[in-house]
Amino acid sequence: MNIAADPVVLGEQEADFSSIDKVRVVEALARVLPAGALMYDAEDLRPYECDGLSAYRQLPMVVALPTTEAQVVAVLKVCSEMGVPVVARGAGTGLSGGALPHEFGVVLSLARFNRILHLDPHARTAVVQPGVRNLAISEAAAPHGLYYAPDPSSQIACTIGGNVAENSGGVHCLKYGLTVHNVLRVRGVTIDGEIVEIGNHGLDAPGYDLLALVIGSEGMLAVVTEVTVRLTPKPQLAQCVLAAFDDVIKAGEAVAEIIAAGIIPAGLEMMDQPATAAVEQFVHAGYPLDAKAILLCESDGTPEEVAEEIERVRAVLEASGATEIRVSRDETERMKFWAGRKAAFPAAGRISPDYYCMDGTIPRKRLGEMLEAIQQMEGKHGLRCINVFHAGDGNLHPLILFDANQAGELERAEAFGADILELSVALGGTITGEHGVGIEKINQMCSQFTRPELAMFFRVKGAFDPRGLLNPGKAIPTLNRCAEYGRMRVSNGHIPYPDIPRF
Amino acid sequence: MSDLTEQWRERVRAAAASGTALQVRGGGTKAFYGREPVGEVFDTRGHAGVVSYEPTELVVTARAGTPLAELEALVAERGQMLAFEPPHFGAGATVGGCVAAGLSGPRRATAGALRDFVLGVRILDGRGEALSFGGQVMKNVAGYDLSRAIAGSLGTLGLILDVSLKVLPRPVAETTLRFAIDEKEAIDRVNDWGGQPLPISASAWCDGALHLRLSGAEAAVRAAERRLGGDLVEAVGASAFWAGVREQTDAYFADLGAGEVLWRLSLPSSAAPVKLPGTQFIEWGGALRWLRSDAPAATIRERVAALGGHATAFRGFDRSSDVFHPLAAPVMAIQRRLKQAFDPAGIFNPGRFYDGL
Numbered sequence: 000m001n002i003a004a005d006p007v008v009l010g011e012q013e014a015d016f017s018s019i020d021k022v023r024v025v026e027a028l029a030r031v032l033p034a035g036a037l038m039y040d041a042e043d044l045r046p047y048e049c050d051g052l053s054a055y056r057q058l059p060m061v062v063a064l065p066t067t068e069a070q071v072v073a074v075l076k077v078c079s080e081m082g083v084p085v086v087a088r089g090a091g092t093g094l095s096g097g098a099l100p101h102e103f104g105v106v107l108s109l110a111r112f113n114r115i116l117h118l119d120p121h122a123r124t125a126v127v128q129p130g131v132r133n134l135a136i137s138e139a140a141a142p143h144g145l146y147y148a149p150d151p152s153s154q155i156a157c158t159i160g161g162n163v164a165e166n167s168g169g170v171h172c173l174k175y176g177l178t179v180h181n182v183l184r185v186r187g188v189t190i191d192g193e194i195v196e197i198g199n200h201g202l203d204a205p206g207y208d209l210l211a212l213v214i215g216s217e218g219m220l221a222v223v224t225e226v227t228v229r230l231t232p233k234p235q236l237a238q239c240v241l242a243a244f245d246d247v248i249k250a251g252e253a254v255a256e257i258i259a260a261g262i263i264p265a266g267l268e269m270m271d272q273p274a275t276a277a278v279e280q281f282v283h284a285g286y287p288l289d290a291k292a293i294l295l296c297e298s299d300g301t302p303e304e305v306a307e308e309i310e311r312v313r314a315v316l317e318a319s320g321a322t323e324i325r326v327s328r329d330e331t332e333r334m335k336f337w338a339g340r341k342a343a344f345p346a347a348g349r350i351s352p353d354y355y356c357m358d359g360t361i362p363r364k365r366l367g368e369m370l371e372a373i374q375q376m377e378g379k380h381g382l383r384c385i386n387v388f389h390a391g392d393g394n395l396h397p398l399i400l401f402d403a404n405q406a407g408e409l410e411r412a413e414a415f416g417a418d419i420l421e422l423s424v425a426l427g428g429t430i431t432g433e434h435g436v437g438i439e440k441i442n443q444m445c446s447q448f449t450r451p452e453l454a455m456f457f458r459v460k461g462a463f464d465p466r467g468l469l470n471p472g473k474a475i476p477t478l479n480r481c482a483e484y485g486r487m488r489v490s491n492g493h494i495p496y497p498d499i500p501r502f
Numbered sequence: 046m047s048d049l050t051e052q053w054r055e056r057v058r059a060a061a062a063s064g065t066a067l068q069v070r071g072g073g074t075k076a077f078y079g080r081e082p083v084g085e086v087f088d089t090r091g092h093a094g095v096v097s098y099e100p101t102e103l104v105v106t107a108r109a110g111t112p113l114a115e116l117e118a119l120v121a122e123r124g125q126m127l128a129f130e131p132p133h134f135g136a137g138a139t140v141g142g143c144v145a146a147g148l149s150g151p152r153r154a155t156a157g158a159l160r161d162f163v164l165g166v167r168i169l170d171g172r173g174e175a176l177s178f179g180g181q182v183m184k185n186v187a188g189y190d191l192s193r194a195i196a197g198s199l200g201t202l203g204l205i206l207d208v209s210l211k212v213l214p215r216p217v218a219e220t221t222l223r224f225a226i227d228e229k230e231a232i233d234r235v236n237d238w239g240g241q242p243l244p245i246s247a248s249a250w251c252d253g254a255l256h257l258r259l260s261g262a263e264a265a266v267r268a269a270e271r272r273l274g275g276d277l278v279e280a281v282g283a284s285a286f287w288a289g290v291r292e293q294t295d296a297y298f299a300d301l302g303a304g305e306v307l308w309r310l311s312l313p314s315s316a317a318p319v320k321l322p323g324t325q326f327i328e329w330g331g332a333l334r335w336l337r338s339d340a341p342a343a344t345i346r347e348r349v350a351a352l353g354g355h356a357t358a359f360r361g362f363d364r365s366s367d368v369f370h371p372l373a374a375p376v377m378a379i380q381r382r383l384k385q386a387f388d389p390a391g392i393f394n395p396g397r398f399y400d401g402l
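Listed in order, the protein sequences are those of chains A and B.
For the first sequence, position 44 matches number 43 in the working numbering, and the numbering has no gaps at all.
In the working numbering, each residue's number is its place in the second sequence (first place is 1) plus 45.
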């Protein structure tokens with residue numbers, strides 16, 4: 000076989016969909032959807048113009064709101080036949096613009112797929128539709144002493160379908176894993192309208208691990224219509240340790256020492272002094288304000304286990320030079336410790352008109368370098384940055400503070416963010432730990448991956464969606480886009496749901 | 046202990062140009078697994094060595110030809126382990142072969158599978174391009190998760206160069222309990238216990254006896270031991286027992302008779318007893334059931350599919366036929382296109398997984 004004759008079909012450059020005829024598409028979809036399941040007037044489309052990354056806005060051509068899998072199949076067949084882009088959407092809480100509509104495309108909302116189909120407490124699985132909210136699964140499982148472990152901060156609003164698309168994590172994923180570790184099977188529809196079952200109700204499935212590919216694929220490979228999740232026994236008890244440090248590097252070393260001692264805490268979070276100060280005036284969590292950094296370390300399990308682990312954690316923290324250690328005495332105090340950490344995003348919103356949240360992950364040992372570099376970047380870009388950090392797994396959320404109404408600040412915030420992402424890659428990490436690439440970080444993908452690697456991503460996409468109709472323009476940059484990278488950073492991120500916790 | 050990436054790249058390019066099938070092989074300990082290997086043997090053992098190990102980052106990166114035993118011994122020195130307890134099936138097992146086979150051991154049901162611990166891979170694709178996916182960090186959602194897809198692909202997608210694996214601390218305490226109960230009761234009980242906050246790390250039922258391993262904090266293991274009852278198995282015997290399960294040196298797995306096949310049945314954990322002819326060995330809280338049987342493959346596959354699972358002919362089967370469970374047509378079509386994407390000339394272990402992959 001001649002290898003030179005093996006071109007990358009997709010991904011050389013952005014596809015042009017401008018010749019799509021809206022009237023014909025609406026007519027074709029109206030034939031397969033009931034009244035009320037199709038919207039195409041601008042005022043009806045407005046609520047769909049952005050997701051949780053509201054700086055990017057685009058009205059879709061059409062919104063489809065199917066209620067049955069047969070309707071999803073029909074919509075996809077129409078779109079496939081007419082060459083129309085499809086953007087699947089859950090609750091629209093994503094932070095990277097993954098559900099940003101396509102100007103010439105259909106937004107396929109799975110909001111009406113909101114039923115828990117089957118919950119089997121004995122097998123500890125639940126079969127749910129994609130529009131079911133993350134927290135609703137845990138609520139349904141609670142009477143059986145079970146819950147769904149991944150807990151992204153937006154869990155009261157975000158849907159399991161969106162979690163599958165983004166491979167969402169949460170505060171507890173160091174111990175309990177990400178979405179990919181807690182989903183057993185998905186049922187979905189390909190762009191050609193074929194129903195595929197991927198994964199299995201057992202612990203593995205035959206063939207290549209398509210489940211791993213679909214989870215985190217940002218709606219680019221298939222549209223999910225059903226998800227089987229694994230449920231976990233609820234720990235009997237959780238207790239939290241708050242430790243203060245007079246030096247950020249020491250706090251970082253304490254994190255490494257906890258891991259080195261053979262402890263995998265249920266949660267391990269860090270905040271720097273500016274972040275602590277910002278949340279303290281907002282929620283009065285009682286954090287020590289003179290500390291350069293604080294750590295929150297949570298232990299869960301049986302009462303015996305927790306008692307044993309807390310003592311080991313305390314010993315490690317003392318040896319690591321913590322200046323103060325508090326152990327939560329009851330649930331109220333534990334929640335108070337967490338209240339500050341969970342208020343970091345809204346607190347940033349209170350002390351600054353706008354902020355830009357980053358999501359890089361780095362090897363933990365490079366934390367000191369990263370924080371020092373961020374300090375220098377504050378000077379370089381003339382903006383402040385407060386740092387919160389899922390310390391246990393190396394996932395950073397620096398919050399860059401700016402005012403979009405001041406000329407040039409937005410651009411400086413974007414440049415600041417891009418510097419952080421580039422450094423994350425240079426330190427051996429990744430540009431996104433849990434928020435996804437979407438449209439937001441698509442240019443930085445060019446820094447993280449080589450041209451042949453990006454080409455392989457497009458080939459993999461082509462194995463599912465040969466003509467590139469599912470969520471085009473997201474997650475994987477075209478080779479052409481990468482060639483132009485550097486002059487095309489567009490905008491920043493605002494959070495449009497100020498009442499949803501974010502951490 | 047050397048980096049052979051460049052030599053391998055030349056060899057892969059030459060093989061692709063001439064359409065030569067390559068039979069990728071490490072220690073050959075899993076050569077029995079899958080369909081018949083064909084092609085020129087490509088020995089991976091020269092590309093060996095642990096590239097980096099960071100105990101506090103919980104990650105180890107090793108070249109494909111690194112002996113699995115060497116890697117496990119290295120992390121054990123720092124009180125850590127590969128929590129998925131991969132079977133070696135022989136002294137020569139390599140890290141690359143372990144990942145390519147994708148098999149997990151007794152701890153799988155509670156700790157996770159091999160694919161859950163793969164953080165990143167570097168491979169040569171069928172064009173001879175060195176590609177790196179994933180990385181060395183726990184949370185990484187940049188790009189499709191191709192490193193997990195390489196795990197368990199039986200070397201048919203690409204030639205593994207290096208792998209980064211997440212490691213975990215070894216449990217402080219471990220104990221094994223034994224219960225004399227029948228198959229149905231064993232399946233019921235392990236599922237009941239699975240829904241409770243108990244430190245269970247493995248289960249194995251065979252011939253009227255359920256072995257249950259508890260691992261974790263000292264206090265938690267002791268409390269669970271008191272609560273569950275059963276007979277305590279002394280430590281040396283318990284350790285030998287679990288090694289026998291993991292490596293299939295347990296008497297159950299010995300001496301397959303003529304016409305007898307060892308089937309690997311992957312089922313929903315609470316699925317009813319399979320009621321197929323033959324004898325069984327049940328692991329993973331009911332989700333993995335080994336079956337020694339001379340029943341026709343079609344009978345076994347039909348029954349297992351009806352229970353919501355899939356069946357692999359693990360040992361003793363005709364390797365020119367379907368060893369792995371047949372796939373639905375739309376899923377098979379995606380698999381074929383994936384193979385084409387990675388290995389357009391079809392040189393890596395052709396036919397080892399499925400006919401045409």
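Yeah, the Cβ is synthetic: ideal placement off N, Cα and C, and Gly gets one too.
Keep in mind that this is a model prediction, so the values were computed, not measured.
- Contact residues of the stretch 324-351 of chain B toward chain A are Trp329, Ala332 and Leu333 (C-beta to C-beta distance below 8 Å).
- Here A/Pro100 has Tyr47, Glu48, Gln57, Leu58, Pro59, Val86 and Val106 as same chain residues with Cβ atoms under 7 Å from its own Cβ, once five neighbours each way along the sequence are excluded.
- By the neighbour-count criterion, in which a residue is buried when 16 or more other Cβ atoms sit within 10 angstroms of its Cβ, A/Ser137 is buried.
- Around A/Ile475, the beta-carbon contacts reaching into chain B at under 7 Å are Gly188.
- With 16 or more other Cβ atoms inside 10 Å of its own Cβ, A/Asn133 counts as buried.
- In the three-state scheme derived from DSSP, where H, G and I count as helix and E and B as strand, B/Leu113 is classed as helix.
- Between the stretch 73-80 of chain A and the stretch 180-198 of chain A, the count of Cβ pairs shorter than 8 Å is three or higher; the stretches touch.
- Per DSSP, reduced to three states, the secondary structure at B/Gln52 is helical.
- For B/Val95, the closest of B/Phe77, B/Val83, B/Leu116 and B/Ser248 by C-alpha to C-alpha distance is B/Leu116.
- Straight-line spacing of the CA atoms in A/Met219 and A/Tyr55 works out to 19 Å.
- Against chain B, the CB of A/Arg333 has no partner CB under 9 Å away; the residue lies outside that interface.
- Residue-level contact check: B/Val208 does not touch chain A, since none of the beta carbons of chain A fall below 9 Å from its beta carbon.
- Identification of residues in the stretch 436-451 of chain A having a C-beta nearer than 8 Å to some C-beta of chain B yields Val436, Lys440, Met444, Gln447, Phe448, Thr449 and Pro451, given in sequence order.
- One thing to note: B/Gly240 has its Cβ no nearer than 9 Å to the Cβ of A/Pro149.
- In the structure shown, B/Thr220 falls within a strand segment according to DSSP collapsed to helix, strand and coil.
- In the three-state reduction of the DSSP assignment, A/Asp43 falls in the helix class.
- Given a length threshold of 3 residues, each whole run of the beta strand (DSSP E) inside the stretch 238-284 of chain B is given here in chain order: 245-251, 254-261 and 276-278.
- Shown in chain order are the members of the stretch 170-185 of chain A whose Cβ falls below 8 Å from a Cβ of chain B: Cys172, Leu173, Gly176, Leu177, Val179 and His180.
- Rounded to the nearest angstrom, the gap between the Cα atoms of B/Phe134 and B/Ser338 is 21 Å.
- For the options A/Ala454, A/Lys460 and A/Gly91, the alpha carbon positioned closest to that of B/Glu174 is the one of A/Ala454.
- Listed as beta-bridge partners of A/Asn404 by DSSP are no residues whatsoever.
- Here the alpha carbon of A/Ile430 sits roughly 20 Å from the alpha carbon of A/Gly161.
- Using a CB distance cut-off of 9 Å, B/Pro100 counts as an interface residue toward chain A.
- Only those residues of the stretch 109-127 of chain A whose C-beta falls short of 9 Å from the nearest C-beta of chain B are listed: Asp119, Pro120, His121, Ala122, Arg123 and Thr124.
- By a beta-carbon distance limit of 8 Å, B/Pro244 does not contact B/Ala264. Their separation comes to about 10 Å.
- DSSP places A/Glu225 in no alpha helix (DSSP H) but in the uninterrupted beta strand (DSSP E) bounded by Val222 to Arg229.
- By the Cβ criterion, the stretch 159-175 of chain B is not in contact with the stretch 391-409 of chain A, since fewer than three pairs of Cβ atoms, one from each stretch, lie closer than 8 Å.
- Assigned with DSSP and collapsed to three states, A/Tyr354 falls in strand.
- For A/Ser216, the nearest beta carbon of chain B is closer than 9 Å to its own beta carbon.
- Listed along chain B is no residue with a C-beta nearer than 8 Å to that of A/Gly339; the closest approach is about 22 Å.
- Relative to the Cα of A/Lys249, the nearest Cα in the group A/Cys296, A/Ala211, A/Ser319 and A/Ile438 belongs to A/Ser319.
- One finds Gly176, Val179 and His180 in chain A with Cβ atoms closer than 8 Å to the Cβ of B/Asp161, taken in chain order.
- Here the alpha carbon of A/Tyr175 sits roughly 19 Å from the alpha carbon of B/Pro100.
- If you check the CB distance, B/Leu310 and B/Thr344 do not come in under 9 Å.
- Bridge partners of A/Tyr146 according to DSSP: A/Thr231.
- Within its own chain, the residues whose Cβ lies closer than 7 Å to the Cβ of B/Asn185, once the five positions on either side in sequence are excluded, are Gly179, listed in chain order.
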